[in-house]
Amino acid sequence: MTRLPRHYVAARGSFASELAAAGRDFAQSFQQWRLWTTLAFNDILSRYRGSLLGPFWITLSTGAFVIGIGIVYGRLMHVPTEKYVPWMATGVVIWNFISSTVLESGDAYIHSSVIIRSGSLPLPIFVWRVICRSIVNLAHQVTVIIAVALWFHFLLKINLPMLVVGTVLVVVNVSWVSFFTAIAAARFRDIQQVNATLIQLVFFISPVIWIPSDMQGVQNLQSLLLTLNPVYHLLNAMRNPILGLPVPLHSIAFLVVMAVLGWALAFMLYASVRRRIVHYL
Amino acid sequence: MASIDIRGLTIRFPVYGADHRSLKRQLTRAVGGALDRKRKSGPPLLTALNDVSLKLGPGDRLGLVGHNGAGKTTLLRAIAGAYAPDEGSIEVEGRVASLLDLMVGMDPFATGMENIRLRALLMGLSDKQIKDRAEEIAEFSALGPFLGMPVKTYSAGMIARLAFSIVTTADADILLMDEWIGVGDADFRHQAQLRLTKMVEGSKIFVFASHDFTMLKKMCNKFLGLKGGACIPLESEAELDDFVATA
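Protein chains in written order, with the working numbering: chain L, 802 to 1082; chain V, 87 to 333.
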């Protein structure tokens, strides 16, 4: 007779045992990748059910944004179009990924509360679901980048290996922020409002649609806007390889350190509240 | 062999985001668990289960009885693995299928067929297993052409049929059900009962919470009373009647 799965839970033990249990949750959640990818795809399907273009609305709206802002802002800032549009288009696509992942992860546990309350699925699954959904959305925006690259003839300048490294750095960092947000937003329902406000603010103070070298006064705020701004480094990691620019070493170092510290914190937070998350919902 | 072994299980719910005092006032006796009034800091705690012990083996069909808020659903959810104990332990051997919430993991805008896949995936079935069983599920649900329609067009009874069909086809060792069968029509209830009997004969475990005592007596061979989170073992149907009369 085959051995049946055994599920044993006792009262909360030492922090070390909770850390081990959190580790098992993560391991199991990776094993069940088919579940969260399916849920993610179904979310997208569900969101665009009955719409003609489906998820290509994401492509279309990004495209419209790039054309509109590209024409107006390039002139306002006196930057030549062939320099401004590639910079801004890549910035907008990367920013959309970062902001939508962080924003939607606030609902990760809340949306799945019915599932969470009726079984023993490892909780990280629901965060992976959100991240996976965001990656699929990001993939839909690649068309915009390719179109811009073709139009401005920089398609062959794209440094693919570096882009892969940069994308991994971005995803790993955005993931721990998502992990954190999912827990915090389930516990404190104000977090979503705070997030929405913060994200808008960060959009304007980060070089998403403006080019630091072409702006006056950036030097005075160098540390706030660039050096200490994680979003600046995230943008660098993905944008520079696309534009055929080198990724500054300090950006890579910043992202690696941030990923390690961030994940360590997020993991410890998860370990200490994993038993409570179900009660937050 | 499938088994459930619960020892001295205590589960406390921290109640977040509610006004401490007004909540206390709301949770006056007769309904609900015991509220801890001594704690000064942190959220108020609601003791949903208090020192519950329970041992079930193959072929056991346990009926849970008690008032609203006595802890029936909490116990079911704890067995399902959703709640971790604050004291004591839960040990469950075997795959658990739960019918605690009919719409778990279902997408009202997706068709019945798509929902079969979603729900079955959530229960841990592989794509191949789902493909193999989809027909059986479809047949038992007797929903026919409606399986191609979005679930939002279904009646409560139809959703119950679909959910029940998926959950009982998943080859679980332990089946948990929370007061739901009432929505099915007589024909479906009869079929469901046959299927459950067959499942339990195949040395599975069945735990069922209900207020329908005729149903409970028909379906179960063991009973457990719950009152304010504490458990009261009921050895016979006579004791069950007593419990119902006095509680």
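From the three backbone atoms N, C-alpha and C, an ideal C-beta is built for every residue, glycine too. None of the values given here were measured: they were computed from a predicted structure.
| Item | Value |
| --- | --- |
| Neighbour flag for PHE329 (chain V) against chain L, beta carbons, 8 Å | no |
| Straight-line gap, GLY234 (chain V) to GLN277 (chain V) (C-alpha atoms, nearest Å) | 23 Å |
| For GLU819 (chain L), the three-state DSSP class (helix, strand or coil) | helix |
| Contact list for the region 191-219 of chain V against chain L, Cβ threshold 7 Å | GLY191, ASP193, PHE195, ALA196, LEU204, LEU207 and LEU208 |
| Which listed residue (V:ASP193, V:TYR102 and V:GLY270) has its alpha carbon closest to that of ILE916 (chain L) | V:ASP193 |
| Beta strand (DSSP E) segment containing CYS317 (chain V), residue limits | 316-320 |
| Segment contact, 8 Å Cβ cut-off, at least three pairs: the region 1000-1016 of chain L with the region 875-890 of chain L | yes |
| Rounded distance between the beta-carbons of VAL1074 (chain L) and ILE984 (chain L), thought under 8 Å | 6 Å |
| Nearest-angstrom Cβ-Cβ length linking ILE1078 (chain L) and ALA987 (chain L), presumed shorter than 8 Å | 6 Å |
| Same chain only: Cβ atoms within 6 Å of THR254 (chain V), ignoring 5 sequence neighbours per side | ARG281 |
| Between the CA atoms of ILE946 (chain L) and VAL893 (chain L) - distance to the nearest angstrom | 10 Å |
| Host beta strand (DSSP E) of ASN136 (chain V) (start-end) | 131-142 |
| Rounded separation between PHE816 (chain L) and PRO925 (chain L) - CA only | 19 Å |
| Residue(s) in a DSSP beta bridge with GLU177 (chain V) | L:TYR809 and V:ASP91 |
| Members of the region 931-958 of chain L near chain V, C-beta cut-off 9 Å | none |
| Terminal residues of the beta strand (DSSP E) in which LYS313 (chain V) lies | 308-313 |
| Buried versus exposed, by CB contacts within 10 Å (16 or more), ARG98 (chain V) | buried |
| Beta-carbon gap between ASP271 (chain V) and GLY230 (chain V) smaller than 8 Å | no |
| Burial state of THR133 (chain V) (16 or more Cβ within 10 Å) | buried |
| Three-state secondary structure (DSSP) of ILE260 (chain V) | strand |
| Under 9 Å by beta carbon: chain L residues contacting SER175 (chain V) | TYR809, VAL810, ALA811 and ALA812 |
| Alpha carbon of PRO319 (chain V) to alpha carbon of LEU1082 (chain L), nearest angstrom | 31 Å |
| Test item: CB-CB of ILE176 (chain V) and VAL931 (chain L) under 8 Å | no |
| Cβ neighbour criterion (16 or more within 10 Å) applied to TRP834 (chain L) | exposed |
| Beta carbon proximity, ALA166 (chain V) to chain A, threshold 8 Å | Any reference to chain A falls outside this structure, whose protein chains are L and V. |
| ASP264 (chain V), buried or exposed, once every other Cβ within 10 Å from all chains shown has been counted against 16 | buried |
| Residue closest to VAL973 (chain L), alpha-carbon to alpha-carbon, out of L:ILE959, L:ARG990 and L:LEU1035 | L:LEU1035 |
| Cutoff 8 Å: THR839 (chain L) Cβ touching any chain V Cβ | yes |
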